[in-house]
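The structure appears below as structure tokens.
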Amino acid sequence: MLLPVRGLPAAPHRPLTHPHSSPAPPPSLLGARRRRPSRRLSKVVSYYGLTTPPYKTDALEPYMSRRAVELHWGKHQQEYVDGLNRQLAISPLYGHTLEDLIKEAYNNGNPLPEYNDAAEVWNHHFFWESMQPEGGGSPEAGVLQQIEKDFGSFFNFREEFMRSALSLLGSGWVWLVLKRSERKLEVVHTRNAINPLAFGDIPIISLDLWEVRELKNLCLDPTMRHVLTFLFIPFSMLTT
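Under my numbering, think of the first position of the sequence shown as 104, with each following residue one higher.
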């Protein structure tokens, strides 16, 4: 049985973490910082707050600079959060979890106004938690076995991930996803804010190509392995 993907967890008593944040209208259900990602379904059902990365803003240097993290988390991601909250105030989709909001607002390829900000909030939250200081290396047990099964080797997977990143011009994302129907891992790239959740896929890791192209702070070469980390996924998710 496939488990639900994680989203922004609820933390009703936590204030917004950015000094320029606009307070969300009550009830304010904000995301909490955590060291390790959880795969439980988001319980957030109203307004959203800016979650902090699970490390200090300079912790990814020299692969991603403090300036890059502060700009894209503290400014751009905050703008997406604020934009989403403004739309939810008048939207019939108010009350959805963030994952369900993304699926509904994608609208079979004809995105509703809420889609872009909702997807960007989720994408950036997931991106920060796809990395960790001194991360990288091989993934844990079951995920490594599935990668070797689907790509032939971890090296082959890494090369395909890099090729996919280099092939996409402009803004977009590269993902390692679990394809639900095929029970198979696959590298995919999406343009702009498109999120694999809209297609029923389960994201495993992601790379934001806008940060890479615009700021040139994260190298698209094997050194990326030092910051990309694999989220723990029970082997049963990949085989049952």
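For every residue, glycine included, the Cβ atom is placed at its ideal position computed from N, Cα and C.
Buried or exposed (CB count within 10 angstroms, at least 16 for buried), residue i
i: ARG261; result: buried
i: SER270; result: exposed
i: PRO306; result: buried
i: GLY273; result: exposed
i: SER284; result: exposed
i: GLY152; result: buried
i: ALA222; result: buried
i: ALA244; result: exposed
CA-to-CA distance, residue j to residue i, given in whole angstroms
i: SER267; j: ALA162; result: 26 Å
i: ARG169; j: ILE308; result: 21 Å
i: PRO299; j: ARG286; result: 15 Å
i: ALA208; j: THR293; result: 17 Å
i: TRP176; j: ASN213; result: 27 Å
i: LEU247; j: SER256; result: 9 Å
i: LEU310; j: ILE193; result: 32 Å
i: PRO236; j: GLU202; result: 27 Å
i: GLY303; j: ASN295; result: 18 Å
i: ILE297; j: TYR158; result: 26 Å
i: LEU281; j: HIS228; result: 19 Å
i: GLN180; j: VAL224; result: 6 Å
i: ASN259; j: LEU288; result: 13 Å
i: ASP253; j: ALA301; result: 23 Å
i: MET234; j: GLN249; result: 20 Å
i: PRO165; j: THR154; result: 23 Å
i: LYS178; j: THR200; result: 23 Å
The alpha helix (DSSP H) enclosing residue i, as first and last residue numbers
i: GLY186; result: 181–191
i: ARG169; result: 169–172
Own chain partners of residue i with C-beta closer than 7 Å, once the 5 adjacent residues on each side are dropped
i: LEU196; result: LEU204, GLU207, ALA208, GLU217
i: PRO156; result: VAL172, TRP176, TRP231
i: TRP276; result: ASN226, HIS292, THR293, SER309, LEU310, ASP311, LEU312
i: THR160; result: ARG169, VAL172, GLU173
i: ASP220; result: TYR183, GLY186, LEU187, GLN190
i: LEU215; result: ALA208
Limits of the unbroken beta strand (DSSP E) element including residue i
i: ASP304; result: Here ASP304 belongs to no beta strand (DSSP E), and DSSP marks it neither H nor E.
i: TRP278; result: 275–282
i: LEU196; result: Careful: LEU196 lies outside any beta strand (DSSP E) and carries neither H nor E.
i: HIS292; result: 287–294
6 Å CB neighbourhood of residue i in its chain, flanking five on each side removed
i: SER241; result: LEU247, PHE257
i: SER125; result: In this prediction, SER125 scores a pLDDT of 41, lower than 50, which makes its location untrustworthy; the coordinate-derived value is nonetheless stated afterwards. For SER125, where only same-chain residues beyond five positions count, the Cβ hits under 6 Å are ASP185.
8 Å CB neighbourhood of residue i in its chain, flanking five on each side removed
i: PHE264; result: VAL277, LEU279, VAL290, LEU310
i: ASN210; result: TYR218
i: ARG251; result: The amino acid at residue 251 is misidentified as Arg; the sequence shows Glu. So the list reads PHE257, once near-sequence residues are dropped.
Exercise. Scan the region 203–265 and note each continuous alpha helix (DSSP H) run of 4 residues or more that stays entirely inside, going in chain order.
Key: Whole alpha helix (DSSP H) segments, 4+ residues: 218–232, 244–254.
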